[in-house]
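Colleague: This is the structure I have questions about; it appears just below.
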Amino acid sequence: QNIVTTLLLVGITYSSLSGPHEQQELVLVQFFGLRLIALCISLILFKNVIHTHISFQEFKNKLLEPGMVDKIVVSNKSVAKVYVRSSPRNASQTTDDPVEAPMNGAPARTKTSQYKYYFNIGSVESFEEKLEEAQEALGIDPHNHVPVTYVSEVNWFQESMRFGPTLLILGSLWFMGRKMQSGFGVGGPGGRGGRGLFNMGKAQITKMDKNAKDKVFFKDVAGCDEAKQEIMEFVHFLKNPKKYEELGAKIPRGALLVGPPGTGKTLLAKATAGESGVPFLSMSGSDFMEMFVGVGPSRVRSLFQEARQCAPSIVFIDEIDAIGRARGRGGFSGGNDERESTLNQLLVEMDGFGTTSGVVVLAGTNRPDILDRALLRPGRFDRQITIDKPDIKGRDQIFLIYLKKLKLDNEPSYYSQRLAALTPGFAGADIANVCNEAALIAARNESAVITMEHFEGAIDRVIGGLEKKNKVISKLERRTVAYHESGHAVAGWFLEHAEPLLKVTIVPRGTAALGFAQYVPNENLLMTKEQLFDVTCMTLGGRAAEQVQFQNTFSMLIFSYLCNVFLNW
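Residue numbers (full-length UniProt numbering): 1 to 569.
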């Protein structure tokens, strides 16, 4: 009955599942495990409730003497099962009477007995002797002796307890192996495919979907026109290679995108994937490394093998400095190092004996100085495309892209020019952060649109940190900070080559700043002697104000630091 119920429930559960095959297997394994545990518990708890264990003496006095015993079945020559009648046997009734006499014309019915008691026997011979002696002592007629039958039965509970641990271990190993093959425990992030224990050498490749709704194009990238133009040459060659082949030109094997963090190297690679129309395979440099030896080179081979199968194609390796560090540096020893083996395999795949064309390799890094020279030579990374922080024109273009997605109280061009002037030195990621912070501030203030005040607060938040209006500051400290910042402002106002003052505040921000004076710096690449001295005087204006007002200085540490900086210029 338990088996039939289990099969019925399994069928209903399996038919009701709508998930993937792995999910169905997981639910079935869990269901079978819980069902098996419940069955074992029920057998342990209710075994003694259904069948009562008695001794031979109790059997003789309570069952055999009153005539309650109908028959005895000896199972496996070790356990005697006692079947009892519902009523005691009459002296005139023999064991050969199969039916009860009919009453009132009713048909005869078979007399039934139930298995309720059992007791253990030492051996069959001794059991038969004791049973015969007990029946003779009670004066039971030999024709009415209790019939004894012998059967061989399988005790499923004992067998399950015997083989249960072994089956449990084997099932656990099988289950863990399936989960590791499907990516559980060892596998990578979603969307990259699983890495089983026996499949770790396969690369975790992120393929760009041609039909994705969030694709990035070159029009979405601003502030790096020169870099974008060089990258577009790769796209044009892949789309129309005959134009270049007729002139005898060969496309460069690869390009290295170099620049500070946040300047848009990865974004430019995404735009290349969106514009090229060819298969785009992406991996991170850290994805090649693993705790097992030989996994890195195997993943490099797997990556380029798949790229050649779908050539022409583009391979993008982000943060290549994770595997491209110059050999012999950083305390690594020998050519058998895992990282160096991965680098050697990458060099061979990019330009080795069996290298074939049709695969363009793009890579991004902000540390080109630590890369191996063999990686940077022509034939591998032919071009180094530098992506610097945008100038005021580039920041204007970047602000326009992000401002179009916001709800403003004026035209995006009105804000982009002003914000570009207020954010010198900001990279593309910083500009995106400013726009997002402005939207958050507007929502925090229950504003329907985003205004210039919100953008100014966002810039202060990005530059100085979180505003701390409730920070406990004494009156003397607040007065000192006010005079210090005023000294910077007054000195800069009267100096010809000093940078224009934008705002002065004594509201604490971040972890250290008790106030600051914000200027609009001139983005000059060269500085004259007069400009350098005016900037120095403006920087020391705060200390001079403290000396004049309080006849004391509270910023000696900063003054010493500035002196060391300018003396070592």
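Idealized CB from N, CA, C, for every residue including glycine.
(1) Are the beta-carbon atoms of alanine 271 and phenylalanine 217 separated by less than 9 Å?
(2) In chain order, what residues of the same chain lie with their CB nearer than 8 Å to the CB of valine 79, ignoring the 5 residues before and after it?
(3) Return the Cβ separation of isoleucine 314 and alanine 249 in integer angstroms, given the expectation that the two are a contact with Cβ distance under 8 Å.
(4) I'd like to check one pair, threonine 451 with valine 434: are the Cβ atoms closer than 9 Å?
(5) Among residues of its own chain, excluding the 5 on either side of aspartate 409, which ones have a beta-carbon nearer than 6 Å to its beta-carbon?
(6) Thinking just about the alpha-carbon of each residue, which of Glu456, Ala427 and Gly425 is nearest to the one in glutamine 440?
(7) Take glutamate 340 and list the residues in its own chain whose beta-carbon comes closer than 6 Å to its own, dropping the five residues that flank it on each side.
(8) When the Cα atoms are used, what is the spatial distance from lysine 77 to methionine 176?
(9) Using 9 Å as the threshold, is the C-beta distance between alanine 222 and isoleucine 401 below it?
(10) In three-state terms, what does DSSP make of aspartate 460?
(11) So, under 8 Å CB-CB, aspartate 396 and serine 416 are touching, yes? Tell me the CB distance rounded to an integer number of Å.
(12) Under 7 Å Cβ to Cβ from glycine 335, same chain only, skipping five residues before and after it: list those, please.
(13) Quick one: Cα of tyrosine 83 to Cα of methionine 68, how far?
(14) Expressed to the nearest angstrom, what Euclidean distance is found between the alpha-carbon atoms of alanine 443 and threonine 539?
(15) If you draw a straight line from the alpha carbon of asparagine 552 to that of leucine 256, how long is it in whole angstroms?
(16) Would you mind reading off the limits of the alpha helix (DSSP H) that contains lysine 228?
(17) DSSP three-state label for glycine 465, please.
(18) As a quick exercise: from Asp318, Arg383 and Glu349, pick the residue whose alpha carbon is nearest that of threonine 365.
(19) Indicate the three-state DSSP secondary structure (helix, strand or coil) for asparagine 344 in the structure shown.
(20) Measuring CB to CB, does valine 360 end up less than 9 Å from phenylalanine 234?
(21) If we ignore side chains and look at the alpha-carbon of each, how far apart do phenylalanine 280 and glutamine 345 end up?
(22) Considering only C-alpha positions, which residue in the set Ala137, Ser123 and Ser87 is nearest to serine 113?
(23) In this structure, does DSSP put lysine 116 in helix, strand or coil?
(24) Compute the distance between the beta-carbons of glutamate 338 and valine 300, then report whether it is under 9 Å.
(25) If you pair each beta-carbon of the stretch 528-536 with each one of the stretch 504-515, do three or more pairs fall below 8 Å?
(26) Name the residue from Glu467, Thr263, Val154 and His51 whose alpha carbon lies nearest to the alpha carbon of phenylalanine 426.
(27) Which residue from Ile473, Glu306 and Gln531 puts its Cα closest to that of glycine 492?
(28) I believe glycine 379 touches arginine 253 by the beta-carbon criterion, under 8 Å. Please report the beta-carbon distance rounded to the nearest angstrom.
(29) Tell whether a beta-carbon distance below 9 Å holds between valine 146 and lysine 62.
(30) May I ask which residues mark the beginning and end of the alpha helix (DSSP H) holding phenylalanine 399?
(31) Go to isoleucine 431, then tell me how far its alpha helix (DSSP H) extends in each direction, as first and last residue.
(32) Distance check for valine 481 and valine 548, CA to CA, integer angstroms please.
(33) Among the residues of its own chain, which have a CB less than 7 Å from the CB of leucine 466, if the five just before and after it don't count?
(34) Check whether the Cβ atoms of glutamate 485 and proline 521 sit closer than 9 Å, and answer yes or no.
(35) Given a cut-off of 9 Å, decide if alanine 322 and glycine 285 are closer than it, judged by their beta-carbon atoms.
(36) Determine the extent of the alpha helix (DSSP H) in which phenylalanine 304 is found, giving its start and end residues.
Modeller: This is what the structure holds:
(1) yes
(2) Tyr118, Phe119, Asn120 and Ile121
(3) Actually they do not touch by this definition, with Cβ atoms about 18 Å apart.
(4) no
(5) Val449 and Thr451
(6) Per the sequence presented here, residue 440 reads as leucine, with glutamine not at that position. With distances taken between Cα atoms, leucine 440 lies closest to Glu456.
(7) Arg327
(8) Here the C-alpha atom of lysine 77 lies approximately 42 Å from the C-alpha atom of methionine 176.
(9) yes
(10) helix
(11) 5 Å
(12) At glycine 335 the pLDDT is 42, less than 50, meaning the model places this residue with poor confidence and gives no usable figure here.
(13) 8 Å
(14) Distance between the alpha carbons of alanine 443 and threonine 539: 37 Å.
(15) 54 Å
(16) 225-239
(17) coil
(18) Asp318
(19) The answer is helix: DSSP assigns asparagine 344 an H, G or I state.
(20) yes
(21) 21 Å
(22) Ser87
(23) Strand, per DSSP.
(24) no
(25) no
(26) Thr263
(27) Gln531
(28) 6 Å
(29) no
(30) 392-403
(31) Segment 428-444, the alpha helix (DSSP H) holding isoleucine 431.
(32) 14 Å
(33) Arg509 and Gly510
(34) no
(35) yes
(36) Run containing phenylalanine 304: 295-309, per the alpha helix (DSSP H) assignment.
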